[in-house]
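Undergrad: Residue numbers (my numbering): 117 to 278.
All C-beta atoms in this analysis are idealised placements derived from N, C-alpha and C, irrespective of residue type, glycine included.
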């Protein structure tokens, strides 16, 4: 695990190397340090919302990838009484993700998917100073210039020709 105030530089250096099937994660301070060698974890020492905002802007301005956003399903159900500040965070996150449709899955399912991807592909995890549970934002990267529909049409053509 690396601690770096240059997390923006890490994003700008790594993003051109990342592509379809890579993952990015912006996580709270209690997120575990995962042991897979393909998971690079950086402690940003920075506010969660600031890192999320920057990551969304960076990924969405990249010409080669588009993000599939994933959120912990538990986030929607957390009561303010157990996690003071969670209502405000949900409102801020809703603004940041406005116009986007994040998938909401149980935390353990997202972690399993990320771990599965890490068997073959790089994952970049940015830990923030945030201390609220289930607030991670995961981005599964997809190809920006090739759609799932185009891939299916190609597969259908290949199936017909064999």
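#1: When DSSP builds the beta bridges, which residues end up paired with residue 157?
#2: One question on the structure: do residue 138 and residue 240 come within less than 9 Å of each other, judged by their Cβ atoms?
#3: Got a sec, what are the start and stop residues for the alpha helix (DSSP H) residue 130 sits in?
#4: Please look up how many angstroms separate the CB atoms of residue 250 and residue 196, rounded, as I've assumed it's under 8 Å.
#5: Which same chain residues end up closer than 8 Å to residue 259 when comparing Cβ atoms and leaving out the 5 residues on each side of it in sequence?
#6: Can you give, in chain order, each stretch of the alpha helix (DSSP H) that sits fully within the region 184-216 and has at least 4 residues?
#7: Going by DSSP, what residue range makes up the beta strand (DSSP E) through residue 258?
#8: Going by beta-carbon coordinates alone, are residue 254 and residue 230 separated by less than 9 Å?
TA: The structure says:
#1: 241
#2: yes
#3: 123-130
#4: The pair is not a contact, with the Cβ atoms about 13 Å apart (cut-off 8 Å).
#5: 135, 136, 180, 181 and 182
#6: 202-212
#7: 253-259
#8: yes
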